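A.B. asks:
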Amino acid sequence: MGTSVPARDTSGTEEGGSSGRPAEADRNAGAAGAGGNGPSRGAGSRTATATGTSGRSPDGTGNDGAAEAGRNGPTAETDGSGGAGRSGRRGAPVPARPGHSPALSTGVPRAAARIGAFAVCQAAVIAGFGLLITGPAREFWPMTAEDTAVEALEDARTATLDTASTIASALGDTATVVGLTLLACLALVLVPRLPRWREAVFLAVGVSLQSVIFVLITASVDRTRPDVERMDDSPPTSSYTSGHTGAATALYAGLAVLVLSRVRAPWRKPLAALLLLLPLLVGLARLYRGMHHPTDVAGGLANGALSLFVVGRAVLPGHSWVGRPPADAMDIAVAAAEEQPAPAQKKLTVIVNPTVTDEATQEQLRLVLAQHGYRDTPFVATTAEDTGGGQTAEALRAGTELIVVCGGDGTVRAVADALAGTGVPLVLVPSGTGNLLARHLHLPLRPAEALAAGLTGEPRALDLGRIEGDGFPAVHFTAMAGAGLDATMLEETSDRAKSVLGWPAYVLAGAKGLRTPRMRLTVRLDGGPELRRTARMVLLANIGTVQAGAAPVPAAKPDDGLLDLAVFDPRGAGGWLRAAGVLLRAKRRGAGGPDTRHRDTGADVTGTGAGDGGPVEFHTFRRAELAFARPQSREIDGDPVGPGVRLTAEVRPGALTVMLPARER
Numbered sequence: 005m006g007t008s009v010p011a012r013d014t015s016g017t018e019e020g021g022s023s024g025r026p027a028e029a030d031r032n033a034g035a036a037g038a039g040g041n042g043p044s045r046g047a048g049s050r051t052a053t054a055t056g057t058s059g060r061s062p063d064g065t066g067n068d069g070a071a072e073a074g075r076n077g078p079t080a081e082t083d084g085s086g087g088a089g090r091s092g093r094r095g096a097p098v099p100a101r102p103g104h105s106p107a108l109s110t111g112v113p114r115a116a117a118r119i120g121a122f123a124v125c126q127a128a129v130i131a132g133f134g135l136l137i138t139g140p141a142r143e144f145w146p147m148t149a150e151d152t153a154v155e156a157l158e159d160a161r162t163a164t165l166d167t168a169s170t171i172a173s174a175l176g177d178t179a180t181v182v183g184l185t186l187l188a189c190l191a192l193v194l195v196p197r198l199p200r201w202r203e204a205v206f207l208a209v210g211v212s213l214q215s216v217i218f219v220l221i222t223a224s225v226d227r228t229r230p231d232v233e234r235m236d237d238s239p240p241t242s243s244y245t246s247g248h249t250g251a252a253t254a255l256y257a258g259l260a261v262l263v264l265s266r267v268r269a270p271w272r273k274p275l276a277a278l279l280l281l282l283p284l285l286v287g288l289a290r291l292y293r294g295m296h297h298p299t300d301v302a303g304g305l306a307n308g309a310l311s312l313f314v315v316g317r318a319v320l321p322g323h324s325w326v327g328r329p330p331a332d333a334m335d336i337a338v339a340a341a342e343e344q345p346a347p348a349q350k351k352l353t354v355i356v357n358p359t360v361t362d363e364a365t366q367e368q369l370r371l372v373l374a375q376h377g378y379r380d381t382p383f384v385a386t387t388a389e390d391t392g393g394g395q396t397a398e399a400l401r402a403g404t405e406l407i408v409v410c411g412g413d414g415t416v417r418a419v420a421d422a423l424a425g426t427g428v429p430l431v432l433v434p435s436g437t438g439n440l441l442a443r444h445l446h447l448p449l450r451p452a453e454a455l456a457a458g459l460t461g462e463p464r465a466l467d468l469g470r471i472e473g474d475g476f477p478a479v480h481f482t483a484m485a486g487a488g489l490d491a492t493m494l495e496e497t498s499d500r501a502k503s504v505l506g507w508p509a510y511v512l513a514g515a516k517g518l519r520t521p522r523m524r525l526t527v528r529l530d531g532g533p534e535l536r537r538t539a540r541m542v543l544l545a546n547i548g549t550v551q552a553g554a555a556p557v558p559a560a561k562p563d564d565g566l567l568d569l570a571v572f573d574p575r576g577a578g579g580w581l582r583a584a585g586v587l588l589r590a591k592r593r594g595a596g597g598p599d600t601r602h603r604d605t606g607a608d609v610t611g612t613g614a615g616d617g618g619p620v621e622f623h624t625f626r627r628a629e630l631a632f633a634r635p636q637s638r639e640i641d642g643d644p645v646g647p648g649v650r651l652t653a654e655v656r657p658g659a660l661t662v663m664l665p666a667r668e669r
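This note's numbering applies: residue 5 is where the sequence shown begins, and numbers increase by one.
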């Protein structure tokens with residue numbers, strides 16, 4: 005978990021968050037933030053906006069700004085009175101309308117146009133080669149030796165090779181390629197820590213592009229199939245190029261590219277080599293089965309490989325045409341900020357976890373900051389030894405008035421712990437696996453959009469939980485702490501599993517934890533009588549929802565001056581089903597009307613408590629003392645803190661100030 009910053013003295017800070025509110029001008033600084041914000045105030049003022057990854061104008065229409073993405077000249081703009089606006093300094097263009105920024109444009113139309121242009125050239129080159137080998141070059145070697153090679157393969161046929169070639173050829177069948185492409189794209193979108201849309205688009209468009217070019221080529225080049233016994237039905241297309249080989253190259257070589265670029269396991273190179281071997285086996289099988297000439301297979305390999313190259317250049321991170329800002333992107337962002345009425349800027353520091361926030365994301369965040377008038381903002385990296393608390397404390401000593409945290413739940417918790425009771429506002433930029441607080445607050449999950457939403461938002465005071473136990477000092481948590489099954493699940497989940505699978509890795513680890521025995525504990529709430537319970541796990545919650553919309557503590561709210569306790573004690577599969585039913589009913593009740601909890605007594609939300617034989621029990625409290633009969637695994641905001649026999653938690657109302665979009669108030 006890293007070194008924790010000791011909790012601050014709580015005296016006189018129960019209403020933390022009432023101080024340190026940004027001036028009115030700050031809420032409008034660069035009011036054109038990514039994620040959609042209206043024009044800046046002031047009669048006749050020019051409006052300049054920045055989009056994150058996909059901004060929206062105030063009327064709700066999306067604008068990707070691709071047309072201006074590469075321009076270096078002035079961009080015309082209309083001010084409030086209909087006049088033409090001026091360009092920024094050094095000729096950098098100023099965004100032409102709200103929701104439109106060349107500095108942070110998506111660039112999709114530009115990339116699509118380039119893909120189309122390169123595809124036309126690719127089809128022309130491969131088709132031209134086909135016309136050459138079927139025309140002027142057909143009497144020259146090696147074209148004259150192609151029939152001999154295919155006949156030699158026909159003579160070498162055996163039952164074993166026939167079976168092997170059938171399997172290899174099937175790897176390039178249309179149904180196989182389409183099915184595997186669909187499954188791979190679904191996995192890329194649904195399974196990873198953050199949906200890998202670019203990688204999914206790369207694979208899907210690469211396979212589709214080679215298919216389109218294949219159709220164009222076969223329509224342009226009329227070549228008969230080899231004059232041997234063919235082992236498959238001849239499709240009504242030209243022998244040139246091999247469609248099976250082209251499709252297999254696009255699919256399996258595309259998967260190899262993703263494995264090499266996205267997987268860090270030691271087996272990635274052998275797996276990539278195997279994937280690259282498959283298109284060659286498909287091509288050889290097509291020759292063996294008498295379906296193509298060698299140059300047909302070569303054309304298929306070239307078609308698939310070139311299709312991947314073109315699409316990869318267009319969409320893959322690191323060297324993509326999509327989203328690549330122009331060389332003068334920072335000047336554009338600064339020019340946009342200078343067009344705003346000069347705001348009273350706060351001193352800002354970004355605390356960033358470099359293990360979950362790559363350089364490309366950090367560079368985009370710098371552009372968003374510059375477009376809101378924050379130039380040369382310091383980015384302070386967390387370390388394994390100090391996960392954010394020490395960096396935040398140092399920034400506060402240096403006079404920082406606004407903190408941006410870019411990381412996962414552990415980083416947010418460490419920063420919030422250092423900010424507790426100071427009134428210094430926090431901007432959340434989610435970049436981790438869970439991002440529980442950001443999800444509960446319905447913040448954008450794309451970093452650039454989240455940053456812009458926070459910079460143009462309004463301060464809101466949220467509660468924090470303060471927790472201590474044997475073996476660790478008192479710290480604050482923003483989302484949840486607990487003991488039992490959830491803590492065991494977190495302990496059993498490796499960093500590699502989280503990086504590959506994302507939050508579903510926790511579910512797999514949780515299945516193993518079901519074998520652990522239930523625990524015995526006593527609970528004392530707000531100085532009341534002791535409650536004796538057995539449980540699979542207990543949760544102390546400041547928020548109610550987690551990933552995938554699940555709500556283990558449905559009524560928990562981060563601004564009600566209370567914390568929630570959930571005691572889970574299901575018995576068998578039926579008990580877990582009953583627990584799920586209780587949670588669903590409680591979630592509907594919480595969404596359908598005012599808070600139903602008894603704020604003075606810590607009574608059940610559901611009326612079905614573990615104490616009377618039910619699978620789950622809820623309480624609210626201001627202070628809770630939990631004692632376990634034997635050491636239990638424990639966690640705080642997703643970070644294991646080691647086993648122990650005691651947890652004491654209390655609420656600190658309004659101790660953390662978070663910048664939220666106005667719609668969230």
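All C-beta atoms, glycine included, are put in the ideal place defined by N, C-alpha and C. The structure displayed is predicted, hence computed values, not measured ones.
#1: For the 8 Å Cβ check, are there 3 or more pairs between the stretch 224-243 and the stretch 273-289?
#2: Please go through the same chain and pick out, in chain order, the residues whose beta-carbon is closer than 6 Å to the beta-carbon of THR365, but skip the five residues on each side of it.
#3: Whole angstroms is fine: what's the gap from VAL360's alpha carbon to GLU621's?
#4: Name, in chain order, the residues that DSSP records as bridge partners for THR624.
#5: With the cut-off set at 7 Å, would you say ALA454 and VAL372 are in Cβ contact?
#6: Quick one: grab the DSSP three-state call for VAL649.
#7: Residues in its own chain within less than 8 Å of ILE2 by CB, not counting five upstream and five downstream?
#8: LEU352 to GLY250, Cα distance in whole Å?
#9: Use the C-beta contact count for ILE471: other C-beta atoms within 10 angstroms, 16 or more gives buried, fewer gives exposed.
#10: To which residues does DSSP link THR180 through a beta bridge?
#11: On the premise that LEU569 lies in contact with LEU544, defined as a C-beta separation below 8 Å, what is that separation, rounded to the nearest angstrom?
#12: For PRO283, report the span of its alpha helix (DSSP H) as first-last.
#13: In or out: GLY597 buried (at least 16 other Cβ within 10 Å) or exposed?
#14: Express the C-alpha separation of LEU423 and VAL354 in angstroms, rounding to a whole number.
#15: To the nearest angstrom, report how far apart GLY615 and GLY646 are at their CA atoms.
#16: Over the uninterrupted beta strand (DSSP E) stretch that includes HIS480, give me the two end residues.
#17: Using alpha carbons as the reference points, say which of LEU630, TYR292, GLY486 lies closest to GLU150.
#18: Below 8 Å on the Cβ atoms is my guess for ARG650 versus ASP474; work out the distance and round it to an integer in Å.
#19: Excluding sequence positions up to five away, which residues of its chain have a Cβ less than 6 Å from the Cβ of LEU406?
#20: Could you tell me the alpha carbon to alpha carbon distance between PRO298 and GLU155, rounded to whole angstroms?
#21: Tell me which residues share the same chain as THR241 and place their Cβ nearer than 6 Å to its Cβ, disregarding the 5 neighbours each side in the sequence.
#22: What distance in whole Å lies between the Cβ atoms of PRO448 and GLY565, which are believed to be in contact at a cut-off of 8 Å?
#23: Quick one: what's got a C-beta closer than 7 Å to VAL289's C-beta in the same chain, skipping five residues either side?
#24: Identify whether ALA383 lies in helix, strand or coil by the three-state DSSP scheme.
#25: Which one of GLN126, ASP641, ARG638, ASP236 has the shortest CA to CA distance from LEU220?
#26: Is the stretch 414-422 touching the stretch 386-406 in the sense that three or more CB pairs, one from each, lie closer than 8 Å?
#27: Per DSSP, what kind of secondary structure is ASP83 in: helix, strand or coil?
#28: So LEU275 packs on VAL263, CB below 8 Å; how close in whole Å?
#29: Can ASP413 and ASP563 be called in contact, C-beta distance under 7 Å?
#30: Which stretch, first to last residue, makes up the beta strand (DSSP E) that contains ALA545?
#31: Give the secondary structure of GLY642 by DSSP, where H, G and I count as helix, E and B as strand, and everything else as coil.
#32: By how many angstroms is the C-alpha of GLY532 removed from the C-alpha of ALA269?
#33: When the Cα of LEU207 is compared with those of SER224, VAL225, ILE217, VAL181, which residue comes out closest?
#34: Compute the Euclidean distance between the alpha carbons of SER15 and ALA442, then round it to the nearest angstrom.
#35: Closer than 7 Å by C-beta to ALA306: which residues in its own chain qualify, once you throw out the five before and the five after it? Chain order, please.
#36: Report the residue from ARG540, SER246, PHE133, GLU629 whose alpha carbon sits nearest the alpha carbon of LEU567.
C.D. replies: This is what the structure gives:
#1: no
#2: PRO451
#3: 36 Å
#4: ASP568
#5: no
#6: strand
#7: Not covered by the structure: residue 2. The range shown for the chain is 5 to 669.
#8: 53 Å
#9: buried
#10: Answer by DSSP bridge pairing: none, since THR180 is not bridged.
#11: 6 Å
#12: 272-292
#13: Only weak support is given to the placement of GLY597: the predicted model assigns it a pLDDT of 35, under 50, and the question is left unresolved by the model.
#14: 14 Å
#15: The pLDDT assigned to GLY615 is 45, lower than 50, so where the model puts this residue is not dependable; a value taken from the coordinates is nonetheless given after this. Cα to Cα, GLY615 sits roughly 27 Å from GLY646.
#16: 476-481
#17: TYR292
#18: 5 Å
#19: LYS350, LEU352, PRO429
#20: 12 Å
#21: THR222
#22: Contact doesn't hold; Cβ gap of about 27 Å is too wide.
#23: According to the sequence shown, residue 289 is Ala rather than Val. The residues are SER169, ALA172, SER173.
#24: Note that residue 383 is Phe in the sequence shown, not Ala. Residue state, collapsed to three classes: strand.
#25: GLN126
#26: yes
#27: Confidence in ASP83 is poor, its pLDDT being 39 and thus under 50, which makes the residue's placement unreliable; the coordinate value appears in the next sentence. Reduced to three states, the DSSP call for ASP83 is coil.
#28: 5 Å
#29: no
#30: 541-545
#31: coil
#32: 52 Å
#33: VAL181
#34: Caution is warranted here: a pLDDT of 38 is assigned to SER15, below 50, making its placement in the model unreliable, and the coordinate value is therefore given only provisionally. Between SER15 and ALA442, the C-alpha separation is close to 28 Å.
#35: ILE130
#36: GLU629
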